[in-house]
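Structure first, then comments.
Numbering (our numbering), first residue to last: 1 to 681.
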């Protein structure tokens, strides 16, 4: 009550607070991270172990089973999946949201150290961490420039050393991955006749190379006043070093000299490339791809700005010197800008139409201005709370703001209408403003608290759904609270100034003959129908049954498909095909190329970007990733709004190989990686 009285007596102070709230809201808006969806993090740790040449059954028996036995009891472990394929096994563990990723890494590392009896030929397990929202914000393709006949796959090490290194330095970048490049290695090609001559075996040679290729500390040596650390460095990184590795030495009794057999005596050492595990092609050409994953909580727009600058510098400097270029093929900010622009546009339209509807019913410019002021003050002021709570601007939070546009005027309408009623009773402006706000402030407080109570459980929920919808709860709750404050302070203060000196009837309101005539007819019809049903029990019963029946039938007929989250309309179609077991990489690549040739006629680069009436849109891009276990196909449309029409085209040609199965779908707005549909049939 005192707050209302103070607001009426100090309108300048009220407007100063309003301007300060709006200013702080704009400043907070510049600091809030902008991203597509809220961060919904579940810690994921992958244990990856390599054992070259081992069969999947051996890896499962000797490695996977032993690791699972020690890892299955980890605290907070929700899901554990393992897979074994030739030469490699992996265990993927997903933990509860409340679990610390760093702590889980430490526990996993300690438990893996307890395992005994692992195969000597197996490498040490690698721990890879990620979150459930680690979607790349950008994808790039490395291509050769005209006149460069070198195989692009041989640039893998160069891309890792130059491109990956530069991109990882961009502020906000968490991880940069390079796929498709061949890894360079030193090969020792053994002559069978020579190893037979010297009585050597392949395992013996491999053991000698493995034992030599180490850097060891030999301790400390005190010399005078100083202490020196002694290290033996024997890393085999050149052809000369490998050739000089001693495989066997013995004393020759006839000469008294030691005879040595080195690698150079029985083998030819040369640089080569490891056997590839993946092959990538982009729009009909071989390619190496690079993706960038951002840090959680960073502004995607700022991160992408830094990435573009680095790519521009790379394409102007070291890459042309190597006769290659870096081309961006996916940019998450394009979809973010489109989605946020659409929601922002809806907010502006919603606010404008809300003001027009108010003007239509209130018939007073002054009253409309007073109520409409609640919209920008409440919406912009909510950005302060969002920044303070570490939330982000995304499609979910903007949806909450869009909902709030229509809700924040409710309290102001109730207060102003009550003030208007007191003015019609002949009371002064200040008295009407005070009584009008004082009489209804309790009711609008309960209404606001009821709205907030609906979203309160989401604010404390620790599940993924809580993380996803926390932004909408914060945005809407804060906006409704601010609208309550505006209704009992700003509205009375402005009503005391803007409403006319004397209001005893509706003579000073605007006249809209057509609207007034329709409104009068509608009021008379509703009033007459109400009187009829109230006076006739049978009519009242029929009315209730009819309304309930129509409502129930409409709900059943127009019920949308049930789903966890909306799919969105991303311009990316993904297809995953899994062949029968036993196919090698060369066969998988051939299958993918056949698919590539079948859809080539739909490429914009081949037949132009325009499609004929009745035809599906042209493909802006088409690429595939072939592995020995599966093939991933991806396509984007020249017309982003028609991307879904590409699904039947890819599905028709993707599963022609006998025994092949998989799926083709449009990537979901909230999906991670290559996801299917969120719809429940």
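We treat Cβ as the ideally placed atom computed from N, Cα and C, and that holds for glycine.
Minimum C-alpha distance to residue i - residue among the options
{"i": "residue 239", "options": "552, 184, 25 and 380", "result": "184"}
{"i": "residue 267", "options": "474, 13 and 201", "result": "201"}
{"i": "residue 154", "options": "221, 587 and 178", "result": "178"}
{"i": "residue 27", "options": "189, 125, 388 and 364", "result": "388"}
{"i": "residue 475", "options": "489, 369 and 392", "result": "392"}
{"i": "residue 319", "options": "143, 491 and 47", "result": "143"}
{"i": "residue 159", "options": "435, 637 and 324", "result": "324"}
{"i": "residue 410", "options": "186, 520 and 481", "result": "481"}
{"i": "residue 396", "options": "466, 439 and 350", "result": "466"}
{"i": "residue 293", "options": "172, 497, 418 and 195", "result": "172"}
{"i": "residue 136", "options": "304, 626 and 403", "result": "304"}
{"i": "residue 484", "options": "518, 514, 495 and 448", "result": "448"}
{"i": "residue 592", "options": "550, 115, 279 and 25", "result": "279"}
{"i": "residue 491", "options": "394, 322, 438 and 353", "result": "438"}
{"i": "residue 169", "options": "307, 189 and 426", "result": "307"}
{"i": "residue 390", "options": "237, 35 and 17", "result": "35"}
{"i": "residue 116", "options": "46, 66, 218 and 423", "result": "66"}
{"i": "residue 440", "options": "518, 275 and 414", "result": "414"}
Euclidean distance between Cα positions of residue i and residue j
{"i": "residue 622", "j": "residue 334", "result": "19 Å"}
{"i": "residue 76", "j": "residue 110", "result": "16 Å"}
{"i": "residue 416", "j": "residue 493", "result": "11 Å"}
{"i": "residue 82", "j": "residue 118", "result": "17 Å"}
{"i": "residue 212", "j": "residue 199", "result": "20 Å"}
{"i": "residue 487", "j": "residue 3", "result": "12 Å"}
{"i": "residue 536", "j": "residue 406", "result": "37 Å"}
{"i": "residue 546", "j": "residue 40", "result": "44 Å"}
{"i": "residue 461", "j": "residue 473", "result": "11 Å"}
{"i": "residue 283", "j": "residue 401", "result": "41 Å"}
{"i": "residue 78", "j": "residue 167", "result": "33 Å"}
{"i": "residue 122", "j": "residue 590", "result": "31 Å"}
{"i": "residue 588", "j": "residue 626", "result": "6 Å"}
{"i": "residue 24", "j": "residue 446", "result": "28 Å"}
{"i": "residue 195", "j": "residue 205", "result": "9 Å"}
{"i": "residue 426", "j": "residue 363", "result": "20 Å"}
{"i": "residue 108", "j": "residue 74", "result": "8 Å"}
{"i": "residue 668", "j": "residue 37", "result": "11 Å"}
{"i": "residue 156", "j": "residue 243", "result": "26 Å"}
8 Å contact criterion, which residue i and residue j should meet: CB distance rounded
{"i": "residue 575", "j": "residue 469", "result": "Not confirmed; about 31 Å, so no contact."}
{"i": "residue 245", "j": "residue 263", "result": "5 Å"}
{"i": "residue 231", "j": "residue 216", "result": "7 Å"}
{"i": "residue 569", "j": "residue 637", "result": "Incorrect: roughly 11 Å between the Cβ atoms, too far for contact."}
{"i": "residue 533", "j": "residue 539", "result": "5 Å"}
{"i": "residue 596", "j": "residue 130", "result": "At roughly 30 Å, the Cβ-Cβ gap does not stay under 8 Å, so residue 596 and residue 130 are not in contact."}
DSSP state of residue i mapped onto helix, strand, coil
{"i": "residue 32", "result": "coil"}
{"i": "residue 48", "result": "strand"}
{"i": "residue 93", "result": "strand"}
{"i": "residue 496", "result": "helix"}
{"i": "residue 272", "result": "strand"}
{"i": "residue 621", "result": "strand"}
{"i": "residue 232", "result": "strand"}
{"i": "residue 199", "result": "coil"}
{"i": "residue 681", "result": "Because the pLDDT of residue 681 is 37, which lies under 50, any placement of that residue in the model is unreliable, and the number read from its coordinates should be weighed accordingly. Here residue 681 sits in coil by DSSP."}
{"i": "residue 244", "result": "coil"}
{"i": "residue 143", "result": "strand"}
{"i": "residue 79", "result": "strand"}
{"i": "residue 481", "result": "helix"}
{"i": "residue 330", "result": "strand"}
{"i": "residue 315", "result": "helix"}
{"i": "residue 590", "result": "helix"}
{"i": "residue 655", "result": "coil"}
{"i": "residue 575", "result": "strand"}
{"i": "residue 530", "result": "helix"}
{"i": "residue 60", "result": "helix"}
{"i": "residue 177", "result": "strand"}
Check: residue i C-beta below 7 Å from any heavy atom of the ligand HEM
{"i": "residue 301", "result": "For the structure depicted, the ligand HEM is absent and the ligand set is empty, with no information on it obtainable."}
Does the pairing of the region 56–68 with the region 86–103 give three or more beta-carbon distances under 8 Å?
-> yes
*Stretch pair the region 633–643 + the region 292–309: three plus CB contacts closer than 8 Å*: no
* To do: Examine the Cβ distances between the region 277–294 and the region 146–153 and report whether three or more of them are shorter than 8 Å.
  => yes
| task | Report yes or no: do the region 304–322 and the region 160–175 share at least 3 C-beta pairs separated by less than 8 Å? | result | yes
Q. On the three-pair Cβ rule with 8 Å, is the region 93–103 touching the region 638–645?
A. Between the region 93–103 and the region 638–645, the count of C-beta pairs closer than 8 Å stays below three; the two stretches do not touch.
*asked:* Three or more C-beta pairs under 8 Å: does that hold for the region 649–667 against the region 595–608?
replied: yes
Can you confirm whether the region 329–344 touches the region 357–364 when touching is taken to mean that 3 or more C-beta pairs between the two stretches lie within less than 8 Å?
Output reads no: the region 329–344 does not touch the region 357–364.
- Task: Report yes or no: do the region 443–457 and the region 366–374 share at least 3 C-beta pairs separated by less than 8 Å?
- Result: no
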